[in-house]
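Below: one structure, written as structure tokens.
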Amino acid sequence: MYAELFQYPVGREGYYGQFGGSFIPEILHETIRELTTAFDDAQADPAFWDAYIALMSSYSCRPTPLTHLENLSKDLGGAQIYVKREDLNHTGAHKVNNVMGQGLLVQRMGKQRVIAETGAGQHGVATATMAARMGFECTIYMGSVDVERQRPNVFWMEQLGARVVSVDDGTKTLKDAINATLRDWADSMHTTHYVMGTVCGPHPFPQMVTYFQSLIGREARSQMLEQTGKLPKRVYACVGGGSNASGIFAGFLDDAEVELVGVEAGGLGLDSGQHAARLARNVGSTGVAQGYKTRFLQNAEGQMRPTHSVSAGLDYVGVGPVLAYLHDIGRIRVEAATDAEVLASLQHVMRREGIIPALESAHAFVTALKEAPNLSPQDSILINQSGRGDKDIFTIAEALGDEPWRAFLRQKVGEWEPETAATDGILT
Amino acid sequence: MYAELFQYPVGREGYYGQFGGSFIPEILHETIRELTTAFDDAQADPAFWDAYIALMSSYSCRPTPLTHLENLSKDLGGAQIYVKREDLNHTGAHKVNNVMGQGLLVQRMGKQRVIAETGAGQHGVATATMAARMGFECTIYMGSVDVERQRPNVFWMEQLGARVVSVDDGTKTLKDAINATLRDWADSMHTTHYVMGTVCGPHPFPQMVTYFQSLIGREARSQMLEQTGKLPKRVYACVGGGSNASGIFAGFLDDAEVELVGVEAGGLGLDSGQHAARLARNVGSTGVAQGYKTRFLQNAEGQMRPTHSVSAGLDYVGVGPVLAYLHDIGRIRVEAATDAEVLASLQHVMRREGIIPALESAHAFVTALKEAPNLSPQDSILINQSGRGDKDIFTIAEALGDEPWRAFLRQKVGEWEPETAATDGILT
Amino acid sequence: MGARDSGDRRDTDMTPIEDYIRQRLQRKRLLLMTHAIVGYPSFEANMTMLEAMQHADVDLVELQLPFSEPIADGPVFVQANQYALEAGVAWDNYFAFMQRATMVFDFKILMMGYYNSILQMGHERFCACLAEHGGDGFIVADLPPEEADDLHQYAAAYQQAPIVMMTPVNSESRLRRIADKASGFVYCVARRGVTGRHTQVDEGLEAFIARCRSATSLPLALGFGLRTHQDLQQVKGLVDIGIIGTALLTAWEQGGVKRYGTLLQELTSAVT
Amino acid sequence: MGARDSGDRRDTDMTPIEDYIRQRLQRKRLLLMTHAIVGYPSFEANMTMLEAMQHADVDLVELQLPFSEPIADGPVFVQANQYALEAGVAWDNYFAFMQRATMVFDFKILMMGYYNSILQMGHERFCACLAEHGGDGFIVADLPPEEADDLHQYAAAYQQAPIVMMTPVNSESRLRRIADKASGFVYCVARRGVTGRHTQVDEGLEAFIARCRSATSLPLALGFGLRTHQDLQQVKGLVDIGIIGTALLTAWEQGGVKRYGTLLQELTSAVT
Ligand SMILES: Cc1ncc(COP(=O)(O)O)c(C=O)c1O
Ligand SMILES: Cc1ncc(COP(=O)(O)O)c(C=O)c1O
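Set out below in structure tokens:
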């Protein structure tokens, strides 16, 4: 099924059922074609995949491990819980898989500059990292709201040599950063590659990003077989744009007996209107935006709705067309986890297993831990830990109302105040 | 030479030349014996090492990769520079190697509680992680100055379920935390294991921690052979207590042609008195403290001197006795890198290679990059990147005087102020 | 070849708008198409703008339906889209405004916008609605020719011109493919990038227009970055229609109706 | 066995301090050893403390030489060590103070401290210095018997008693090994942990002391956590010397010389 997904019926290149396509200003047409050709070419060249694997194992730590959560499995008394450790990647999340792959493609195409959107900042950091390593010029677009709340990532992007552009349009978040990046690209595409951060956007991005991220699923499948002797009953992954989910699901798409479960950001609850679910409970509807057709969180007239999630990385209106299709045909199930459930799950997992999932990944844990008790201890389930949570310290400490953390920040700020105070004294 | 180091002449168990030994209150004698026996036992049991390797490869990402710094090698025109990526470990530094190994030993000994000292907080986080995973009670001692400046790590330790005790004695930093932990141990040793964080303290800690960390060197040696067909000319590692250095050097001790270079914290310069060098330029002198004999940074009457480094992890008065010995006999060379050199090197490496060494590790980069041009492009050198630098954001952003970062913290703090202000308004 | 193929179109294929353009071209060497974002800064202001256009004898007007994700627009229009949406512009008041305008003014009116609005409304309903409210066609910034067939069929049925875009980076074969889907006129994008930035009229531009001409026999409109009457002066003779968008909105923002009217007069003086 | 072996020691092996202890034990069932950290809170205060000790007929006094890494001490002593160092206590003024004290007071004085001070001074120089300034021995908190030989040889040469420690967790063979290095008296550590916390006198303690007695025929001192005259009352008959450390310093900190003197008087009343 995995391979077939990308064998398009005539005239339907880049389509997955009704989803996908390439809805872009005509000015980008040739660039997208060039990219498609370069990607098809690379994909047909076994040396390319080998180079990709070699890069990922010497620069990041692939294959990332598979960890058995012995304590939680025992506590819950249900399925054996396994975790794919994408958090151990260089830069701390699965994002780097895609980014390094696209970097190799940029080298093939001979371009000198890369641009990217970022929401939480993980993809921005990964792209800036790749650009530094491969010697490309780099510009990152980021909604101004995200720039404010994800300053640590902005700091690292800048240190890595990237220019970070704060986007003040729309909701000033991820979707607006995507629009801004598309605009830059429409201008710069002869020298510049757009490193799309997830399995969204116009064809060939959904296919290409899935291709690079499929490494997760390929590794995980053989690791499960090696460590447990059989396939997991279910595979859980959080779904923002959908790249980590697409990546791990890719390994199991052809195993009809493996249930694939995506978990979206339930925010304050699906009924609150304050969430970022699109597939769960079919809250989203078919639309076209940001270059592709999928299920968007939009109003009846096709205007995108504001989204909410405690995790910046899942706070997005669209979803990968491949996932929208797989959901339509019932191959994947999609649930939602609320902010409160996510924080509780995160704390639970930290204390019992010593691992710190990213807030995004913690969504997958919520549903997996909820459902594990319904399976037998002879069964196993697999969770994709897409990233590490230490990047989220500001959000988590805030959400938990950690007073010493606040005191720490106050004191830090206080260290610079004397000067200001002194100046004030003179001026007033 | 590696094996011989640990075959003590009669009556000299735990001694490396004049260094090492076990200078502890008599109350701890039996505990230390029990530990030594348990460790010797474990070491003699091939299944133990296998279990250790299995744990490290499924819970952390061992073997960690070896990365060729293609850009810097080319830029400098000298040796090919390779980096051992301990930063990709779970919890972000080499510390976890030692900690998980000791955790397995604790299981063998049947104890239920672990205690540890921590300076930068990395070892504390690693220990809290191990305790969560293995189900031990956990208390971490940390100098109150370090608690203040390393709040993020304190937050994670607490989230991982550890109790963090702020130590207000002495210089309120690492050495005082070690003393406090020894005191706890003198009281609790029948139920409790002290997870020493580096190759210091009484025998068998230097041997034991070297043993676990030798995994770094074993992996690195075979990776160098595999990737370059020969051994590196030189191996560079930063030296705080000395565990990462001991670990990577262990792999090459028997290769007389490989020069081993340790890099200590030069702080504001060796002549400033504001540093943490002990071996470099023989600034330290032989003494006994914290349970062992080594070269300490002390005054003529044996009182320990305050140390300074931009990197909390190198800010320590003692050094592993094995390293002190290897330095005495000329098997290793030890240099120092200043705070300013470290920051410059860090920025350089980030921009050119997309990797972010910890401030500690950046010390090794300073000396390696300085010396690389003197070797031929046919040669290679190896740097141990003991940890990742994103933990150091507060220090680095501060040191670079990053204004947006300050603005970000001010704004964060400002978000809680209104309440205070309102209250003030009513009260005043 | 392409040109000859397209040249084979019979007169009966002509949409009302092409007919209108060809007639106007009899007395003007360059027509003028201007643009407004409906609801920005207000419906009343839009009306004032359109009155100024009428007064300056503008030939065609794009009325942009605001969209939350305007990927082909530059900063000025992006902000305007957003403002209009926040002010409550929706289908009903958009089309009501269009109807009012088509009843009052002489120029032809085209809907401009993004595909999602049309998709949500439904292709047929959209075309019917346009026709019902006096529109003569539409320009969709993010609808590639591959995706256009169904919509274009309804467009034909409701006598709406589906305006397609040609760009300097398109290959010959791509231009022919676009031409195949074209009717009314073709929107030639003067340069890479989004709306808003200034465009230099140079040899590259002339070569591009020549390639468009050989791909289609339809009238050619040139847009993206034309700002001044000098710009129009330079493209007169090269294309049939000059399109002014951002420059006008900027004039409004900087100097209100006065500056807006003045700019329009200057532009008109260039084309007549 | 061990006891018998040690019992074989001839009287000529006796250090001056053992001799002194045995003589005092003729008229008192329990001797009292107290403790002060030199330079904390000041040399003058130390003098006042020692005067109070003299007044209370204390038998032995440990004068602690401050060290920056006092791993065997509890919070009260740790702070005191640090304070004294910051106030500038060093070898010269430490020994000057010792000399002054040994000249004025009747009790025997022992140096107490950590091995690094001795190592830096040099084993011989240290013993010579102690002797020269009137000391009678030393207690080193972090020097295991394995490491003690060289230092103990010099101690013997300079008639200094190198006091070793026995603890409840030591095995029989370890106790014998410690006994081998002992002279003067043996410091029995009442419990696990560091100085400062209260110790319950119970059966476990009695059994421990019995094990010490069978390992050595030297006088036994008991310390770590004895605080009150009740505590001393209870160990009277069990050991030869009761050691009071933290309780006294705490009394000073809480109530100055008055409370200090009162506590000393109480303690003395228990031992006589
Ligand atoms: C750790 C992590 N997980 C998941 C996501 C969501 O993206 P996707 O759904 O494409 O995997 C992000 C996005 O930033 C992320 O950083
Ligand atoms: C990343 C890192 N490197 C190095 C060190 C120094 O320790 P050692 O010299 O024992 O490797 C530390 C200590 O915290 C550390 O965190």
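Protein chains in written order, with this note's numbering: chain A, 2 to 429; chain B, 2 to 429; chain C, 4 to 275; chain D, 4 to 275. In this text, a Cβ means the ideal position worked out from N, Cα and C, and glycines have one as well.
G355(B) has a beta carbon lying within less than 9 Å of a beta carbon in chain A.
Here the segment 35-47 of chain D makes contact with the segment 238-252 of chain D; the two share three or more CB pairs at distances below 8 Å.
Closest by C-alpha distance to L67(B), out of A363(B), Q228(B) and H349(B), is Q228(B). Where I246(C) is concerned, the enclosing beta strand (DSSP E) starts and stops at I244 to I247. If you check the C-beta of S61(A) against ligand 1, you find no heavy atom less than 8 Å away. At least one beta carbon of chain C lies nearer than 9 Å to the beta carbon of F24(A).
For M110(B), the enclosing alpha helix (DSSP H) covers residues K96 to M110. Beta-bridge annotation (DSSP): S286(B) is paired with F297(B). For G125(B), there is no enclosing beta strand (DSSP E); the residue is found in the alpha helix (DSSP H) stretching over Q123 to M135.
Look at the beta carbons and you see the segment 341-352 of chain B not touching the segment 32-49 of chain B: under three pairs across the two are nearer than 8 Å.
Listed by position along chain B, the residues whose Cβ is nearer than 8 Å to that of L146(D) are F24. If you look at G248(A), you'll find it isn't in any beta strand (DSSP E); it sits in the alpha helix (DSSP H) that goes S244 to A251. Within the segment 39-62 of chain A, the residues whose Cβ lies closer than 8 Å to any Cβ of chain B are, in chain order, S58, S59, Y60, S61 and C62. Relative to the non-hydrogen atoms of ligand 2, the Cβ of E361(B) comes within a distance shorter than 8 Å of at least one.
Sorting D177(B), E87(B), G15(B) and A187(B) by C-alpha distance to the C-alpha of G196(D) places A187(B) at the top. In the DSSP secondary-structure assignment, M168(C) is bridged to Y190(C).
For Q348(B), a Cβ of chain A is located within less than 9 Å of the residue's own Cβ. Interface criterion met: the Cβ of L88(D) is under 9 Å from a Cβ in chain B. Judged by DSSP in its simplified three-state form, M190(A) adopts coil rather than helix or strand.
Selection Q163(C), T170(C), I166(C) and E127(C) evaluated against I28(A) yields T170(C) as nearest (Cα-Cα).
Against chain A, the beta carbon of N300(B) has no neighbour under 7 Å; the closest one sits roughly 30 Å away. Excluding its 5 nearest sequence neighbours in each direction, N154(A) has C-beta neighbours in its own chain below 8 Å: T119, A121, G122, Q123, G125, V126 and K392, listed in chain order.
Judged by the Cβ position, K176(B) fails to qualify as a neighbour of ligand 2 at the 8 Å threshold, every heavy atom of the ligand being at least this far. Restricting attention to L216(A), T32(A), P322(A) and T92(A), the CA atom closest to the CA of G242(A) is found in P322(A). In this structure, the beta-carbon distance from V200(B) to S247(B) falls below 9 Å. The Cβ atoms of A80(A) and S381(A) sit closer than 9 Å to each other.
Counted as a single uninterrupted DSSP element, the stretch harbouring V367(B) is not any beta strand (DSSP E) but the alpha helix (DSSP H) occupying residues L360 to E372. Within 8 Å of the C-beta of C239(A) there is at least one heavy atom belonging to ligand 1. Across the structure, G264(D) and A59(D) are spaced so that their CA atoms are roughly 8 Å apart. Ranked by how close their Cα comes to the Cα of T295(B), the residues D316(B), L324(B) and P307(B) have L324(B) in first place. Excluding five sequence positions before and after A90(C), the CB atoms of its chain that fall closer than 6 Å to its own CB belong to G42, given in chain order. Residue pairing by DSSP puts Q67(D) in a beta bridge opposite I40(D) and M115(D). Checking the DSSP bridge columns, you'll see V262(B) partnered with Y237(B) and R334(B).
Pairing A281(A) with E265(A), the inter-Cα distance amounts to about 7 Å. Residue pairing by DSSP puts E118(B) in a beta bridge opposite Y142(B). Looking at the DSSP output, I179(B) sits in no beta bridge, so it has no partner there.
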